[in-house]
Amino acid sequence: MTFLAPRSDFPLLADTPTLHYLDSAATAQKPRVVLDALQQFYERDNANPHRGAYELSARATERYHDARATIATFIGATDADCTLFVRGTTEAMNLIAYGWGDAHIGAGDAIVVTAMDHHASFVTFQQLAKRTGAEFRIAELTDDGRIDMTSLRSMLDSRVKLISFPHVSNALGTINPVTEIVALAHAVGAVVVCDGAQAVPHLAVDVEALGVDFYAFSGHKVGGPMGIGVLWGRRALLESMSPWQFGGDMIEIVGDQVTTFNTLPHRFEAGTPNAADAVGLAVACDYLTALGMDRVRAHEVELTALLLDGLQLLDGIRIFGPMHAQERSGVVSFAFEDVHAHDLATILDEHGVCVRAGHHCAQPLMRRLGVPATARASVWVHTTPDDLHALMTALQHAKSLFADVALR
179 MTFLAPRSDF PLLADTPTLH YLDSAATAQK PRVVLDALQQ FYERDNANPH
229 RGAYELSARA TERYHDARAT IATFIGATDA DCTLFVRGTT EAMNLIAYGW
279 GDAHIGAGDA IVVTAMDHHA SFVTFQQLAK RTGAEFRIAE LTDDGRIDMT
329 SLRSMLDSRV KLISFPHVSN ALGTINPVTE IVALAHAVGA VVVCDGAQAV
379 PHLAVDVEAL GVDFYAFSGH KVGGPMGIGV LWGRRALLES MSPWQFGGDM
429 IEIVGDQVTT FNTLPHRFEA GTPNAADAVG LAVACDYLTA LGMDRVRAHE
479 VELTALLLDG LQLLDGIRIF GPMHAQERSG VVSFAFEDVH AHDLATILDE
529 HGVCVRAGHH CAQPLMRRLG VPATARASVW VHTTPDDLHA LMTALQHAKS
579 LFADVALR
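So the sequence shown is numbered by our numbering: it starts at 179 and just counts up by one.
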């Protein structure tokens, strides 16, 4: 196979040809076009959007609103005003919890998450349950790292007001059956929150076709800047929510005793907007659109199959999650027998191979897997078979090294 996107598109990779970056699930490398867009905004369009009665401010405002429209289109949202800018998926989950959850969930109600939820949603909705007196339920997983649908169905009743789950597991790579879960949740009247952080960079996402009520993702995992993300929500839900942060731009009229608030999306975007990063994120979305998300998916399936096959040839490796590349994104977590993931990742780094090691902000999942941590390799548009070959070579070296240590 050939590469989908050349390393020359990514300045950091182009400048370090011996680096094998297999940690895109943590953060993606930035295409040159994104970096250029950020620089150009600050050099040519830098002004505070909204209310400026001069051309430069009007241009910054236009760039900001055009970015929102581009990003909305990328995720299949027809109403750009329902596409809110946040700092990332974590802030999006907190916005939902405080803006919608506190007003609609109370004692006697129930919240459902899954054992594979990222802490950004797991902890946020756990604490929502604690604040409101709601019951906190956790849907369990199958042995091969999928949501156990029998477990999930058993938890869905009329008391459930909210269900949260990841479109794609950040630790296992499992692609979850979103529309099936949505149908089950809506049948009992529950609002559906979907964490799309590991889906949007890798799959063609259409939030409206999925049927979810809220969908969130982080810009930096899509090749955009750090510090910006998106929360999409259904208009009726967003309009029923009170703001959870207050300040400039999100107000309509400020009286001495009473304040009224702006319309969507501004009522949830207090203060000076992160216009430059919004522009950068829009350019990242355009970059992926130009590559073609179907091609991105096909590229990653092929690489993930190679990765799974290579790991299975190594003795002492335990692979977590589905074993078929079509059933997961380009994320593969694994553990070496009797070797801590951090030690393993340190050895791999000496070979120029970058993988993530730890609990991946999924401690409840790690407990269920029976391990304190895993190593996690993840691929993206610039990954090649050479990167995976470097990983396998480094793993062979690590295996020999730790075997020698064990014999001493």
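Where a beta carbon is used, it is the ideal one built from N, C-alpha and C, also for glycine.
* Distance, ALA183 Cα to TRP597 Cα -> The displayed coordinates of the chain run from 179 to 586. Any statement about residue 597 would go beyond what the structure contains.
* Asked: Where DSSP assigns a beta bridge to ARG554, which residues make up the other side?
  -> SER511, ARG534
* Which residues in the same chain have their Cβ closer than 7 Å to the Cβ of SER336, if we skip the five residues on either side of it in sequence? -> VAL366, GLY367
* Determine the direct distance from the alpha carbon of PHE512 to that of GLN490, and round the result to whole angstroms. => 10 Å
* Asked: Hey, SER299 and HIS380: beta-carbon distance below 8 Å or not?
  -> no
* To do: Tell me, to the nearest whole angstrom, how far the beta carbon of VAL360 is from that of VAL390; I am working on the premise that it is less than 8 Å.
  => 6 Å
* In its own chain, which residues sit with a C-beta less than 7 Å from the C-beta of THR256, not counting the 5 before and 5 after it? -> GLU386
* State yes or no: is the C-beta of VAL509 within less than 8 Å of the C-beta of SER578? => no
* ALA581 versus PRO443 - alpha carbon distance -> 57 Å
* Asked: With C-beta atoms as the reference, is ALA238 less than 8 Å away from ASP223?
  -> yes
* Asked: So, is LEU585 buried or exposed, given that buried needs 16 or more other C-beta atoms within 10 angstroms?
  -> With a pLDDT of 48 at LEU585, under the threshold of 50, the modelled position of that residue is not reliable, and no figure is offered here.
* **Where TRP278 falls: helix, strand or coil (DSSP)** => helix
* **C-beta atoms of HIS345 and ALA540 nearer than 8 Å** => no
* To do: Let me know if HIS477 comes out buried or exposed under the rule of 16 or more other beta-carbons within 10 Å of its beta-carbon.
  => buried
* If we ignore side chains and look at the alpha-carbon of each, how far apart do ARG229 and SER235 end up? -> 8 Å
* **Residue burial classification, TYR393 (beta-carbon count within 10 angstroms, cutoff 16)** => buried
* Asked: What's the gap between the Cα of ARG445 and the Cα of SER396?
  -> 20 Å
* Exposed or buried, THR328, counting other C-beta atoms within 10 Å across all chains shown (16 or more means buried)? -> exposed
* How do the region 194-201 and the region 209-220 stand: do at least 3 beta-carbon pairs fall below 8 Å, yes or no? -> no
* Asked: With distances taken from CA atoms, which of VAL479, ASP516, HIS502 is nearest GLY494?
  -> ASP516
* To do: In angstroms with no decimal places, state the Cα-to-Cα distance between LEU200 and TYR276.
  => 35 Å
* When we look at the beta-carbon of ILE431 and count the other beta-carbons within 10 Å, is it buried (16 or more) or exposed? -> exposed
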